[in-house]
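Chemist: So that we are looking at the same thing, I have put the structure below in C-alpha cells.
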Amino acid sequence: MAETATEPLVKLRGIAKKFGPFVALNGVDMDIYPGEVHALLGDNGAGKSTLIKILSGVHQPSAGEIIVEGKTVVFRSPRDASAAGIGTVYQDLALNQLMSVSRNFFMGREIFKGPAPFGMMKLQEMDIITHDEMIKIGIDISDPHQAVGTMSGGQRQTLAIARAIYFGAKILILDEPTSALGQKQQMEVLKTIKRVRALGNIAIIFITHNEIHSKLIADRYTFLSLGEVIGSGTRESLDGDDIRRLMAGGAEMADLEMELGKI
Amino acid sequence: MQAERIESDRQVNQGAFRKFIRRPEIGAFSGMVVILLLLAIVAGDVVFNPLGIKNNLSIISQLGIIAIGACLLMIAGEFDLSIGSMIGFAGMSMAMMLKWGLPFGLGEASPFMAFTLTLCMTLFIGWIIGNIVVRSGLSSFIVTLAFLFILRGLTEVSFREFNEGSTQISGLPDFKETDFFAYLFGGETFKWAFTLLYEMGYNLNRLGNQWVIGLDAKVAWWICIAIITYIVLSRTQLGNWIYATGDNKESARANGVPVNQVKIGLFMFTAFCATIFAACQVFDTNTADAAKGNLKELEAIAAAVVGGTVMTGGFGSIVGVIFGAVIFGLVQNSVFYISWIDGSYYRVFLGTVLLIAAFANENIRKRITGGI
Chain A
103 MAETATEPLV
113 KLRGIAKKFG
123 PFVALNGVDM
133 DIYPGEVHAL
143 LGDNGAGKST
153 LIKILSGVHQ
163 PSAGEIIVEG
173 KTVVFRSPRD
183 ASAAGIGTVY
193 QDLALNQLMS
203 VSRNFFMGRE
213 IFKGPAPFGM
223 MKLQEMDIIT
233 HDEMIKIGID
243 ISDPHQAVGT
253 MSGGQRQTLA
263 IARAIYFGAK
273 ILILDEPTSA
283 LGQKQQMEVL
293 KTIKRVRALG
303 NIAIIFITHN
313 EIHSKLIADR
323 YTFLSLGEVI
333 GSGTRESLDG
343 DDIRRLMAGG
353 AEMADLEMEL
363 GKI
Chain B
12 MQAERIESDR
22 QVNQGAFRKF
32 IRRPEIGAFS
42 GMVVILLLLA
52 IVAGDVVFNP
62 LGIKNNLSII
72 SQLGIIAIGA
82 CLLMIAGEFD
92 LSIGSMIGFA
102 GMSMAMMLKW
112 GLPFGLGEAS
122 PFMAFTLTLC
132 MTLFIGWIIG
142 NIVVRSGLSS
152 FIVTLAFLFI
162 LRGLTEVSFR
172 EFNEGSTQIS
182 GLPDFKETDF
192 FAYLFGGETF
202 KWAFTLLYEM
212 GYNLNRLGNQ
222 WVIGLDAKVA
232 WWICIAIITY
242 IVLSRTQLGN
252 WIYATGDNKE
262 SARANGVPVN
272 QVKIGLFMFT
282 AFCATIFAAC
292 QVFDTNTADA
302 AKGNLKELEA
312 IAAAVVGGTV
322 MTGGFGSIVG
332 VIFGAVIFGL
342 VQNSVFYISW
352 IDGSYYRVFL
362 GTVLLIAAFA
372 NENIRKRITG
382 GI
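Those protein sequences? They're chains A and B, same order as listed. Residue 103 is where the first sequence starts when you use our numbering, and the numbers rise one by one after that. Residue 12 is where the second sequence starts when you use our numbering, and the numbers rise one by one after that.
What follows is the structure, given as C-alpha cells:
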C-alpha cells in the first residue's frame with residue numbers, strides 16, 4: 103500500500119513538449135509509486151495524451167527528464183519504453199478480433215521451438231499461461247480458443263492488461279479504459295485495476311474523464327489543464343470539492359452555476 | 012444465485028457437433044461432398060475410373076497449388092492478380108532457356124538451371140510487388156493488376172523477339188525421360204497405387220495391360236505444398252503473424268509483428284506457386300505458350316473464397332482451400348465428360364458458388380466480430 107512505497111518508481115521532472123509554436127505541455131512534474139493507482143485527470147486538450155505518449159516513447163519531450171528507478175532515461179521509440187517496463191494499453195487495445203484469446207495474448211511474442219519464424223508454437227503452454235494470467239486479475243475465460251471478437255469490452259480490456267503485465271510492464275498506463283464501456287463492464291474494469299494494484303509491485307497510471315471512477319480506485323491524483331499541473335495530491339489530501347473543481351479545469355462550481363443561470 | 016453469474020458464463024460451451032459446423036471449412040466440405048455424389052450418379056463410370064481420377068486430380072492439383080498461394084496472401088489481407096501472368100512468364104522463361112541456352116551466352120541450360128534461374132526472377136518480381144504494396148500503401152488490387160499487364164506483355168514481347176514472331180514454343184526435348192530434375196515436375200507419381208489397382212484387376216486397358224501408370228507429378232507437389240503450408244499456418248509463429256497481419260495490421264505492428272516482411276514474403280510465395288505451376292506444365296508437355304495461365308489468378312482467388320477465406324483477411328484455412336480446389340477442378344473437368352451439359356456451364360457454376368461462398372464467409376466473420 104501507499105505507506106510502504108517511499109521511493110517513486112517513475113519521476114517526471116519539468117516535462118515540456120512543443121509542437122511548433124503550440125505548447126502542449128509546459129513543465130509537468132509527476133511522481134508515480136508502485137502499488138498505487140495514479141489518476142491523471144483533465145479536460146480534452148489538457149495534454150493528457152501528449153504526456154502518456156512521451157512516457158510510452160511515441161513522442162520525445164522538448165525539455166525535462168524521465169527518471170525510472172532512480173536513473174534518467176531517454177526513450178527514442180515505444181520499444182525503448184517497453185524495455186524499461188512501461189506498458190501502455192491504448193483505447194483500441196491492439197487486439198485482433200478474429201484471432202483466439204491465446205493467439206492474441208502471445209501475438210508477436212509467441213513461445214516456440216525451432217528456428218524463427220518457422221518455429222512450432224507451443225500452443226498448449228500458451229493456452230495455460232493465458233488462462234492463468236487472466237485469472238490472476240480476475241477473469242476466468244473458459245475457452246482460450248474463443249475469438250476475441252466474441253468477448254465483452256471488459257474482458258478485452260483485461261486481456262490487454264494481463265498481456266502487458268505478463269510481458270514485463272512495471273508501469274501500466276491505461277488510456278481511458280472505461281470510456282467506451284457500459285456501466286457493468288466499467289465496474290469489471292475497475293475491479294481488474296484494483297486486482298493489479300493488489301499485486302503490489304505495479305504502478306498504474308489511470309487516465310480518465312470520470313470523477314466517480316477516479317474516486318473509487320485512485321490513491322493519488324494529478325490534474326492537468328492547458329498543459330500544466332493545476333493540482334495534485336493523495337486521496338487523503340484532497341476532498342471531493344477539490345477534485346470536482348480541479349476536474350473542471352480549476353473553475354468553481356458556483357461560478358459555473360451562476361454563468362449557466364444567466365443564460 | 013444471480014450474483015454469482017460472471018461475464019464468461021455467457022460464453023456457452025458448445026458441443027462437438029456445433030463446434031464442427033462452425034469450422035471455416037464446413038461449407039466447402041459439404042459442397043465437395045454434394046459434387047462428388049452428383050458426379051457419381053450422373054457420370055460415375057467416367058469420372059471415377061482410373062483415367063478420370065488421373066485427369067481430375069491433374070486439374071485439381073494445378074488449381075490447388077496457386078489457390079494455396081492466393082489463400083495465404085488473402086489471409087494476410089492482400090490480393091495477387093498477377094499469378095496468371097506470372098505462370099506465363101515463368102513458363103516462357105524456362106522454355107526459352109531450355110531451347111536457346113542460358114542468358115548472356117552462358118551455355119546450355121539444364122532443366123535444373125532453367126528452373127532455378129526462373130525461380131530467382133519470379134521471386135524477385137514477387138519481392139518488388141510486395142515492396143511496392145507495403146511502401147506505397149496502394150491497394151494490392153491495383154499494383155498486381157498493373158503487373159498482370161506488365162508480365163503478360165513482357166512474355167509476349169520476349170517470345171516474338173526470340174521466336175520469329177510466334178508466341179509458342181513446342182517440340183522441346185523430352186527432358187523428363189532423361190533428367191531426374193525434370194521428372195520431378197513432368198513425371199508421374201503414386202505409381203504404386205496404380206500398380207496395385209492393376210494387380211487387383213482394375214485399371215486394365217482393352218488389351219488387358221496396365222492402363223494408367225500414375226498421377227501427374229503436380230499432384231505430389233500440391234500435396235507437399237498443402238501439408239507444409241497447413242503446418243506453417245496453424246502451428247508456427249509465422250502462421251500467427253499471417254493471421255495477425257490480415258486481421259488488423261496496426262495492432263499486429265504494435266505487438267511487434269513484422270507486418271511488411273510477412274506481406275512481402277507472401278507475395279514471393281504466390282510467385283513461387285506460379286513458378287511450380289509453370290514448371291509442371293513445361294516439363295510435362297514440353298511446350299510453352301505466352302497465353303498460359305490466363306485468368307488463373309481469378310480461379311485461384313475463387314477457390315480460396317469458396318474454401319472459407321475471408322476477403323478482408325484474418326480468417327481462412329488450408330483445408331478449406333483444398334476442398335475449394337477439388338470443387339472447381341472436378342466441375343471444370345467433369346462437365347466435359349457429360350455430353351449433355353454445355354462445358355461453359357462451368358463458369359455459371361463457378362460464379363454462383365463464389366457468390367454463395369462470399370455471403371457465407373461474411374456471415375461467419377460478422378458472427379465472430381459480434382456483428383450479429
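Beta carbons: idealized from backbone N, C-alpha and C, even for Gly.
Since Asp91/B meets chain A, which of its residues come closer than 9 Å, beta carbon to beta carbon?
Modeler: Result: empty, since nearest Cβ-Cβ is about 21 Å, beyond 9 Å.
Chemist: Please confirm if the stretch 108-123 of chain B is in contact with the stretch 314-323 of chain B, defined as three or more CB-CB distances below 8 Å between the two stretches.
Modeler: Contact between the stretch 108-123 of chain B and the stretch 314-323 of chain B is absent, because fewer than three Cβ pairs lie under 8 Å.
Chemist: Anything in chain A within Cβ reach of Phe326/B, meaning under 8 Å, just list it in chain order.
Modeler: Within 8 Å Cβ-Cβ: Leu200.
Chemist: What are the boundary residues of the alpha helix (DSSP H) that Asp343/A is part of?
Modeler: Run containing Asp343/A: Gly342 to Met349, per the alpha helix (DSSP H) assignment.
Chemist: Specify, as a first and last residue, the run of the alpha helix (DSSP H) that Ser316/A falls within.
Modeler: Run containing Ser316/A: Glu313 to Ile319, per the alpha helix (DSSP H) assignment.
Chemist: Residues of the stretch 243-259 of chain B with a CB closer than 8 Å to any CB of chain A: list them in chain order, please.
Modeler: For the stretch 243-259 of chain B, which is checked against every Cβ of chain A, the residues closer than 8 Å are Val243, Arg246, Thr247, Gln248, Leu249, Gly250, Asn251, Trp252, Tyr254, Ala255, Asp258 and Asn259.
Chemist: Taking the CB atoms as reference points, tell me whether Leu244/B and Leu83/B lie closer together than 8 Å.
Modeler: Yes.
Chemist: So what does DSSP say about Met108/B, is it helix, strand or coil?
Modeler: In this structure, Met108/B counts as helix in the three-state DSSP scheme.
Chemist: State yes or no: is the beta carbon of Leu142/A nearer than 8 Å to at least one beta carbon in chain B?
Modeler: False, the Cβ-Cβ gap to chain B never drops below 8 Å.
Chemist: Could you please tell me which residues of the stretch 312-338 of chain B, in chain order, have their CB closer than 9 Å to any CB of chain A?
Modeler: Those would be Val321, Gly324, Gly325 and Phe326, in chain order.
Chemist: Under 7 Å between beta-carbons, which chain B residues line up against Ala218/A? List them in chain order, please.
Modeler: In chain order: Gln248.
Chemist: Counting along the chain, where does the alpha helix (DSSP H) carrying Met132/B start and finish?
Modeler: That run of the alpha helix (DSSP H) goes Pro122 to Ser147.
Chemist: What residues in the stretch 224-237 of chain A bring their beta carbon closer than 9 Å to a beta carbon of chain B?
Modeler: So the list reads Leu225, given in the order they occur along the chain.
Chemist: Just grab the DSSP bridge partners of Val175/A for me.
Modeler: Its beta-bridge partners are Ile168/A.
Chemist: Pull up the distance between the alpha-carbon of Asp245/A and that of Thr232/A, whole angstroms please.
Modeler: If I take the Cα positions, the gap works out to 10 Å.
Chemist: If we ignore side chains and look at the alpha-carbon of each, how far apart do Ile307/A and Ile267/A end up?
Modeler: Whole-angstrom Cα-Cα distance: 13 Å.
Chemist: So for Ile332/A, helix, strand or coil by DSSP?
Modeler: Ile332/A falls in the strand class under three-state DSSP.
Chemist: Please compile the residues from chain B whose C-beta is within a distance smaller than 7 Å of the C-beta of Leu197/A.
Modeler: Within 7 Å Cβ-Cβ: Ser262.
Chemist: My output table needs one value for Asp258/B: the three-state DSSP class, helix, strand or coil.
Modeler: Reduced to three states, the DSSP call for Asp258/B is helix.
Chemist: With 16 other CB atoms within 10 Å as the buried threshold, where does Asp91/B fall?
Modeler: Looking at its Cβ environment, which holds 16 or more other Cβ atoms inside 10 Å, Asp91/B is buried.
Chemist: Flag this pair as yes or no: are the beta carbons of Arg346/A and Arg322/A separated by less than 8 Å?
Modeler: No, the pair does not count as a contact, with Cβ atoms beyond the cut-off.
Chemist: By DSSP's criteria, Lys128/A is part of a beta bridge. Which residues make up the other side?
Modeler: For the sequence presented, residue 128/A should be read as Asn rather than Lys. Beta-bridge pairing links Asn128/A to Ala118/A.
Chemist: On the DSSP letters alone, give me the boundaries of the alpha helix (DSSP H) that Val160/A sits inside.
Modeler: Careful: Val160/A lies outside any alpha helix (DSSP H) and carries neither H nor E.
Chemist: Less than 8 Å between C-beta atoms, sequence neighbours within five positions excluded: which residues of the same chain meet that for Phe173/B?
Modeler: Once the five neighbours on either side are set aside, the close Cβ partners of Phe173/B are Met107 and Trp111.
Chemist: Compute the distance between the beta-carbons of Met85/B and Gly327/B, then report whether it is under 8 Å.
Modeler: Their beta carbons are under 8 Å apart, which means Met85/B touches Gly327/B by this criterion.
Chemist: Please classify Thr108/A: does DSSP put it in a helix, a strand, or coil?
Modeler: Note: Thr108/A maps to coil in three-state DSSP.
Chemist: What's the gap between the Cα of Leu361/B and the Cα of Phe40/B?
Modeler: Distance between the alpha carbons of Leu361/B and Phe40/B is about 16 Å.
Chemist: Decide if Pro279/A is buried, meaning its Cβ has at least 16 other Cβ atoms within 10 Å, or exposed.
Modeler: Its Cβ being crowded by 16 or more others within 10 Å, Pro279/A is buried.
Chemist: Reducing DSSP to helix, strand and coil, say where Lys272/A ends up.
Modeler: If DSSP states are grouped into helix, strand and coil, Lys272/A belongs with coil.
Chemist: Please classify Val293/B: does DSSP put it in a helix, a strand, or coil?
Modeler: In the structure shown, Val293/B sits in a helix (DSSP, three-state: H, G or I).
Chemist: What is the residue span of the beta strand (DSSP E) that His247/A lies within?
Modeler: Taken as a continuous stretch (DSSP letters only), His247/A belongs to no beta strand (DSSP E), as it is neither H nor E.
Chemist: Decide if Val45/B is buried, meaning its Cβ has at least 16 other Cβ atoms within 10 Å, or exposed.
Modeler: Classification of Val45/B: exposed, given that the 10 Å Cβ count is below 16.
Chemist: Three or more beta-carbon pairs under 8 Å between the stretch 287-302 of chain B and the stretch 209-225 of chain B, yes or no?
Modeler: Verdict: no, contact absent.
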